[in-house]
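Its first residue numbered 1, the sequence shown is counted upward by one per residue in the UniProt record's numbering.
Report on the following structure.
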Amino acid sequence: MIAFRDVHKYYGDYHALRGISAEIRAGEFFSLLGPSGCGKTTLLRTIAGFEDISSGAVLIDGKDMAGVPANKRPTNMVFQSYAIFPHLTVAQNVGFGLRRDPRSKAEKDKLVEESLEMVGLKGYGARAAHALSGGQRQRVALARALILKPKVLLLDEPLSALDRKIREQMQVELIKLQREVGITFVLVTHDQEEALVMSDRIAVMFEGEIAQLADPETLYRRPNSRRVADFIGVMNFLPAKVTGESGDLISAEVAGLGVLDVSTSQVSAAPTGDSAAVGFRPETLTLLYEGQQASDREAAGTIDEVVYYGDMTYYDVRLDGMEKPVRISMRNVFGRPVLDVGTRTRVSWSPGALVLFR
Ligand code: ATP
Numbered sequence: 001m002i003a004f005r006d007v008h009k010y011y012g013d014y015h016a017l018r019g020i021s022a023e024i025r026a027g028e029f030f031s032l033l034g035p036s037g038c039g040k041t042t043l044l045r046t047i048a049g050f051e052d053i054s055s056g057a058v059l060i061d062g063k064d065m066a067g068v069p070a071n072k073r074p075t076n077m078v079f080q081s082y083a084i085f086p087h088l089t090v091a092q093n094v095g096f097g098l099r100r101d102p103r104s105k106a107e108k109d110k111l112v113e114e115s116l117e118m119v120g121l122k123g124y125g126a127r128a129a130h131a132l133s134g135g136q137r138q139r140v141a142l143a144r145a146l147i148l149k150p151k152v153l154l155l156d157e158p159l160s161a162l163d164r165k166i167r168e169q170m171q172v173e174l175i176k177l178q179r180e181v182g183i184t185f186v187l188v189t190h191d192q193e194e195a196l197v198m199s200d201r202i203a204v205m206f207e208g209e210i211a212q213l214a215d216p217e218t219l220y221r222r223p224n225s226r227r228v229a230d231f232i233g234v235m236n237f238l239p240a241k242v243t244g245e246s247g248d249l250i251s252a253e254v255a256g257l258g259v260l261d262v263s264t265s266q267v268s269a270a271p272t273g274d275s276a277a278v279g280f281r282p283e284t285l286t287l288l289y290e291g292q293q294a295s296d297r298e299a300a301g302t303i304d305e306v307v308y309y310g311d312m313t314y315y316d317v318r319l320d321g322m323e324k325p326v327r328i329s330m331r332n333v334f335g336r337p338v339l340d341v342g343t344r345t346r347v348s349w350s351p352g353a354l355v356l357f358r
């Protein structure tokens with residue numbers, strides 16, 4: 001549906017997009033994820049036609065968009081600030097894009113009502129837009145964008161102004177809505193959790209480049225660099241020395257843990273010049289209780305820090321012989337006390353869950 005071909009964008013001397021090549025499939029929920037200033041909004045705006053590119057090409061549905069103005073593109077955009085008209089009614093806001101449409105008023109009213117129903121605002125048409133809550137305003141903005149039946153809906157941090165509870169609810173509703181309408185959604189977000197929850201695929205961007213483009217699980221399980229691993233969730237990096245390779249296993253020695261065998265499928269593809277490290281997600285390490293047998297390997301250590309979240313607890317454990325503590329997440333189980341700082345403990349891990357960065 002959308003193709004970027006070696007897209008570059010300069011603002012004066014500033015190189016904001018540095019050779020973006022990627023494709024977004026029809027019907028996909030696609031996210032552009034990255035820290036502030038990485039160029040994700042700029043890239044989104046090149047799809048909409050709000051931003052000219054310096055070189056390369058942006059194609060939509062196979063057509064080169066060079067010289068095609070925003071209002072002639074099969075796209076529509078929803079912004080973070082709802083950009084609805086407070087002095088109009090909900091229905092007038094939603095129908096705004098149809099004001100020059102030659103269809104009859106009755107037909108347009110029907111379209112407005114259908115769009116409102118789609119976003120869960122059936123019967124709200126006569127209300128004043130200024131009297132709506134933040135979540136409701138964002139629904140109106142969505143309905144207004146969808147009524148024009150775009151092939152691509154562009155969403156620029158649409159949920160970031162909402163409270164956490166409403167944001168999470170809207171995330172689920174947006175996924176449902178996208179499945180229902182089958183339109184390609186492209187979302188810009190700096191919130192990695194939001195991207196993981198919502199997307200079919202995610203492009204992680206740093207400094208005007210795509211660092212990795214993959215589905216959420218691949219990004220989480222097999223990040224291709226320490227930087228991506230660090231941006232998506234939490235990862236422990238333990239300094240490692242590669243000691244041997246045989247078949248599809250690589251041996252890496254980690255002080256305190258001994259020699260670990262890593263499957264070549266779990267080796268990060270992008271060499272960074274950093275020294276090698278083994279990465280563990282916090283949930284792939286387990287605290288062993290008294291008398292509990294480790295299925296694989298184990299190491300001893302002392303609990304350095306405890307952060308309680310209700311359903312789970314983060315433990316920072318300093319393993320014997322290791323300089324920095326590792327972070328371990330444990331689901332809290334009823335009847336099992338949360339352990340205290342200073343407790344001696346044992347830690348086990350499953351070998352399949354680690355990633356080697358070399
Ligand atoms: P944020 O989440 O903070 O919006 P972003 O990843 O969306 O960040 P962009 O808005 O795409 O980042 O901006 C990328 C870079 O280009 C930034 O360094 C920004 O300062 C710069 N930039 C964006 N728009 C312009 C402009 N109109 N003129 C000059 N520089 C710009």
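C-beta: ideal position from N, C-alpha, C; glycine also.
Looking at I303, T284, V204 and A195, the one whose alpha-carbon comes closest to that of P158 is A195.
Distance between K108 and R99, taken at the CA atoms: about 9 angstroms. Scanning its chain for C-beta atoms nearer than 6 angstroms, with the 5 sequence neighbours on each side dropped, one finds around K40 the residues L32, G34, V188 and M205, in chain order.
Rounded to the nearest angstrom, the gap between the Cα atoms of E283 and V7 is 38 angstroms.
Closer than 7 angstroms to some heavy atom of the ligand ATP: that does not describe the Cβ of G182.
Runs of the alpha helix (DSSP H) lying entirely within the segment 200-260, each at least 4 residues long, are 216-221 and 226-231 in chain order. If only complete runs of 4 or more residues are kept, the segment 25-81 shows the alpha helix (DSSP H) at 40-48, in order along the chain.
Looking at the DSSP output, I303 sits in a beta bridge with V317. Where I166 is concerned, the enclosing alpha helix (DSSP H) starts and stops at R164 to V181.
Taking a 10 Å sphere around the C-beta of Y289, we find fewer than 16 other C-beta atoms and assign the residue as exposed. If you check the CB distance, T46 and K72 do not come in under 8 angstroms. Bridge pairing for E298: S348 [DSSP].
Take the alpha-carbon of A128 and the one of A91: they are about 9 angstroms apart.
Measuring C-alpha to C-alpha distances from A131 to each of H87, L146, V355 and R144 identifies H87 as the nearest. For R103, no beta strand (DSSP E) segment is defined, and its DSSP state is neither H nor E. The closest CA to that of G134, considering only A83, R226 and L319, is found on A83. A straight line joining the alpha-carbon of L174 with that of L111 spans about 19 angstroms.
Rounded to whole angstroms, the gap between the alpha carbons of D320 and G182 is 53 angstroms. Its chain contains V94, S115, L116 and V119 as the residues whose beta carbon lies nearer than 6 angstroms to that of A143, once the 5 sequence neighbours on both sides are disregarded; these appear in chain order. Setting aside the 5 residues that flank it on each side, S21 is surrounded in the same chain by F4, R5 and D6, each with a C-beta closer than 7 angstroms to its C-beta; the list follows chain order. Taking a C-beta distance under 8 angstroms as the contact criterion, G208 and R18 qualify as a contact pair. Of the other Cβ atoms in all chains shown, 16 or more fall within 10 Å of the Cβ of V58; this residue is therefore buried. Secondary structure at K110: helix, using DSSP grouped into helix, strand and coil.
Counting C-beta atoms within 10 angstroms of its own C-beta, G310 has fewer than 16 neighbours from the protein chains shown and is therefore classed as exposed. Closest in C-alpha terms to D52, from the list A66, V307 and V140, comes A66. Only residues of its own chain outside the window of five on either side were considered, and among them R222 and D248 have a CB closer than 8 angstroms to the CB of S265, listed in chain order. Distance from the CA of L121 to the CA of S55, rounded to the nearest whole angstrom, comes to 43 angstroms. Under the three-state reduction of DSSP output, L142 falls in the helix class.
In the DSSP assignment, A3 falls within the beta strand (DSSP E) that extends over I2 to Y11.
In the three-state DSSP reduction, E193 falls in the helix class (H, G or I). With contacts defined as CB atoms closer than 8 angstroms, T184 and K151 qualify as a contacting pair. Under the Cβ criterion (8 angstroms, minimum of three pairs), the segment 224-241 counts as touching the segment 318-333. If you check the C-beta of S36 against the ligand ATP, you find a heavy atom less than 7 angstroms away. Looking at the backbone, the Cα of R358 and that of G125 are separated by about 58 angstroms. For G19, the three-state secondary structure derived from DSSP is strand.
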